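Position in the sequence shown (first residue = 1) + 223 = this note's numbering. Inspection log for the structure reproduced underneath, given as structure tokens.
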Amino acid sequence: ALFGNYANMGATMPREGLVYQCLILEIVLTFILMFVILNVATGAKEKGITAGIAIGGVIALEATFAGPISGASMNPARSLGPAVASLNFTAFWIYLVGPALGALLAVPAWRIIRLAKRDP
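Shown next, in the form of structure tokens:
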């Protein structure tokens, strides 16, 4: 094999022994990312360039701090491609379930806060 036994083609993998912690981390990371996206990039008053800066900043911070622990995927498609290329689906479920739950939790939280802002 060209890459030996060490190639994972960039597949996101949890650190050894931290499977459930990585699941929770992926949920929290995706929640934060989706919450920021919903706040800066939706509605009639989209924030333009500041939306990109806010979203990019969140991704950079999350990747910096959570990347060494869980891979900081935040996106099932980002994890699917390398998993298919390397045929390594070890703990892949984390990167499907975590982002889905994080996004599903972010939407009602955003709606509750948005409604609270409207009603004085």
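Heads up, the beta-carbon is just placed ideally off N, CA and C, and yes, glycines get one too. Everything numeric in this text was worked out from a predicted model, so none of it was measured.
Residue j beta carbon less than 8 Å from that of residue i
{"i": "W333", "j": "N262", "result": "yes"}
{"i": "E249", "j": "S293", "result": "yes"}
{"i": "A252", "j": "A300", "result": "Here the sequence assigns Leu to residue 252, which means Ala is not the residue at that position. Contact: no."}
Minimum C-alpha distance to residue i - residue among the options
{"i": "A326", "options": "L303, S296, A306 and N311", "result": "S296"}
{"i": "L319", "options": "A283, R337, P331 and L303", "result": "L303"}
{"i": "V242", "options": "V330, G321 and P331", "result": "G321"}
{"i": "L324", "options": "N298, A314 and L338", "result": "N298"}
Sequence-distant residues of its chain with Cβ nearer than 6 Å to residue i (five each side left out)
{"i": "G223", "result": "Since the first and last residues shown for the chain are 224 and 343, residue 223 lies out of range."}
{"i": "A286", "result": "A295"}
Sequence-distant residues of the same chain with beta carbon closer than 7 Å to residue i, five excluded per side
{"i": "F312", "result": "A306"}
Cβ of residue i within 8 Å of any chain D Cβ
{"i": "A277", "result": "This model lacks chain D altogether, as it is built from one protein chain only."}
Cutoff 8 Å; reference residue i; Cβ partners in own chain excluding five residues on either side
{"i": "I278", "result": "L256, V259, I260, V263 and A264"}
{"i": "L328", "result": "I250 and F254"}
{"i": "V330", "result": "M257 and L261"}
Inter-residue Cα distance where the pair is residue i and residue j
{"i": "K340", "j": "F254", "result": "20 Å"}
{"i": "I317", "j": "I336", "result": "28 Å"}
{"i": "G275", "j": "L284", "result": "14 Å"}
{"i": "P291", "j": "T235", "result": "10 Å"}
{"i": "L246", "j": "P237", "result": "9 Å"}
{"i": "G280", "j": "T273", "result": "10 Å"}
Which of helix, strand or coil DSSP assigns to residue i
{"i": "G266", "result": "coil"}
{"i": "T253", "result": "helix"}
{"i": "E285", "result": "helix"}
{"i": "R337", "result": "helix"}
{"i": "T273", "result": "helix"}
{"i": "F315", "result": "helix"}
{"i": "S199", "result": "One cannot answer for residue 199 here, as it falls past the ends of the chain, which runs 224 to 343."}
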